[in-house]
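Q:
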Amino acid sequence: MTFVSLYFPKVAFLLYFILNQRAVRAQWRQSRQIDNLASAADKQGFQWSRSSLEKFCLMNDRQKFRELLEPILVPRIVGTQSHKEVAEHLSRTLSALGFTIEWDLFDEATPLGMKSFRTLIATHDPSVPRRLVLACHYDSKVLEGKIFIGATDSAVPCAMLLEMARTLGPYLHNRRRRDLTLQLIFFDGEEAFHEWSEMDSLYGSRHLASKWNREYFMNTSQSSFEFKKEIDRIDLFILLDLLGAPNPLLHYFHGFSSKNAFLEMMKIEMELKKTGCLHPLQPIFQPRTIYSTIEDDHVPFLNLNVPILHLIPLPFPDVWHKASDNADVLHYETIDNLNSILRVFVARYHQLVI
Numbered sequence: 001m002t003f004v005s006l007y008f009p010k011v012a013f014l015l016y017f018i019l020n021q022r023a024v025r026a027q028w029r030q031s032r033q034i035d036n037l038a039s040a041a042d043k044q045g046f047q048w049s050r051s052s053l054e055k056f057c058l059m060n061d062r063q064k065f066r067e068l069l070e071p072i073l074v075p076r077i078v079g080t081q082s083h084k085e086v087a088e089h090l091s092r093t094l095s096a097l098g099f100t101i102e103w104d105l106f107d108e109a110t111p112l113g114m115k116s117f118r119t120l121i122a123t124h125d126p127s128v129p130r131r132l133v134l135a136c137h138y139d140s141k142v143l144e145g146k147i148f149i150g151a152t153d154s155a156v157p158c159a160m161l162l163e164m165a166r167t168l169g170p171y172l173h174n175r176r177r178r179d180l181t182l183q184l185i186f187f188d189g190e191e192a193f194h195e196w197s198e199m200d201s202l203y204g205s206r207h208l209a210s211k212w213n214r215e216y217f218m219n220t221s222q223s224s225f226e227f228k229k230e231i232d233r234i235d236l237f238i239l240l241d242l243l244g245a246p247n248p249l250l251h252y253f254h255g256f257s258s259k260n261a262f263l264e265m266m267k268i269e270m271e272l273k274k275t276g277c278l279h280p281l282q283p284i285f286q287p288r289t290i291y292s293t294i295e296d297d298h299v300p301f302l303n304l305n306v307p308i309l310h311l312i313p314l315p316f317p318d319v320w321h322k323a324s325d326n327a328d329v330l331h332y333e334t335i336d337n338l339n340s341i342l343r344v345f346v347a348r349y350h351q352l353v354i
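163 is the number that the UniProt record's numbering gives to position 163 of the sequence shown; each next residue is one higher, with no gaps.
In structure tokens:
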């Protein structure tokens, strides 16, 4: 990913106008009710007891998480054997947990020649019309003459998605939101092969967003048949990146049509702190709104008016795109807290009964 900072008022105003126009255009998509997320559960009379909240929070198992993470802590350069083995680890794990596996396979020209890409899509219940998407990328950057593991970029986010499937998978059938299911996406080819540009980056997300914008599905859950684009099945798209180092600060990005979802994350973190089930660390979710932009795998979906929640720390970890981004930088208390907050958010979003 790359960070674009906007310090000039005219440029900032132009971005503000464009993003607002994008948000207005998205309003016609009636199935997207993300702005009402924070109060949706209350309106439907859905409440958890304190004990239920604590149960979801305390599902962390450090040893099992490390077992999911360990096979990913290798160089994952597109086209290499280790890259293929990581993809197989992701697929095998999710299949065993009851998720339906799909691959978006394609070839594309890169500065290093033609490359074959494999984006993994794992869906808990493919028959359900709507999706809560959690996404990350599993490829790693090419650092000439160096071994780059990319522990935060993005081995840990990948393991967090596997951990979500492991802990919540057994409960997803007990959801009150019957129209919604959990979908996990592991993008290939996020990193640039030479220098970040529109064409040398985001290979997997660009391809999948374009594909889903062309494909249609038939929704038979309503009283009448309804055809919609695949892209319109996404209720909310949550992208995880650069996570696992200590002291991450996560902010809301203006114009992403998911402000209430971010506020819900903040609320959950505060609630879990009160129960005592989080490690005593500084708050992760910050009240500040960011008016700059980060180019990452969410961009092709944002351009198609998908509501986005981008969970990436600002500032970036000190080890970003350095060989030192390896297992030594990981802070497992922080990872535990992130897993707990995200798990409770996903469980509430589905209105799970435990």
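No residue lacks a Cβ here, since even glycine has one placed at the ideal position from N, Cα and C.
Output needed for Ser340: all residues of its chain with C-beta closer than 7 angstroms, excluding positions within five of it in sequence on either side, in chain order.
A: Cys57, Asn60, Leu272, Cys277 and Leu278
Q: Please go through the same chain and pick out, in chain order, the residues whose beta-carbon is closer than 8 angstroms to the beta-carbon of Gly98, but skip the five residues on each side of it.
A: His124 and Gly169
Q: Mapping DSSP to helix, strand and coil, what is Phe106?
A: DSSP, read as helix, strand or coil, puts Phe106 in strand.
Q: May I ask which residues mark the beginning and end of the alpha helix (DSSP H) holding Ser197?
A: Premise fails: Ser197 is in no alpha helix (DSSP H) and is neither H nor E.
Q: Give a yes or no on contact between the segment 159 to 178 and the segment 254 to 268, applying the rule of three or more CB pairs nearer than 8 angstroms.
A: Judged by Cβ distances under 8 angstroms, the segment 159 to 178 makes no contact with the segment 254 to 268, as fewer than three pairs qualify.
Q: Closer than 8 angstroms by C-beta to Ile34: which residues in its own chain qualify, once you throw out the five before and the five after it? Chain order, please.
A: With a pLDDT of 47 at Ile34, under the threshold of 50, the modelled position of this residue cannot be trusted; read the value that follows with caution. Cβ neighbours of Ile34 within its own chain (closer than 8 angstroms, five residues either side excluded): Asp235, Leu236, Ser257, Ser258, Asn260, Ala261 and Pro307.
Q: By Cβ distance, which residues of its chain are closer than 7 angstroms to Arg343, with the 5 residues on each side in sequence left out?
A: Phe56, Met59, Met164, Thr167 and Leu168
Q: By a C-beta neighbour count over all protein chains shown, 10 Å radius and 16 as the cutoff for buried, is Gln183 buried or exposed?
A: buried
Q: If you run the structure through DSSP and keep just helix, strand and coil, what is Asn326?
A: coil
Q: Which of helix, strand or coil does DSSP assign to Arg288?
A: strand
Q: Taking the alpha carbon of His89 as the reference point, which residue from Trp103, Val78, Ile72 and Ile101 has its own alpha carbon closest?
A: Ile72
Q: Looking at His207 and Phe106, is the spacing between their C-beta atoms short of 7 angstroms?
A: yes
Q: By how many angstroms is the C-alpha of Ser154 removed from the C-alpha of Met114?
A: 23 angstroms
Q: How far does the alpha helix (DSSP H) with Ala245 in it reach, from first residue to last?
A: Looking at the DSSP string, Ala245 is not in any alpha helix (DSSP H), and its letter there is neither H nor E.
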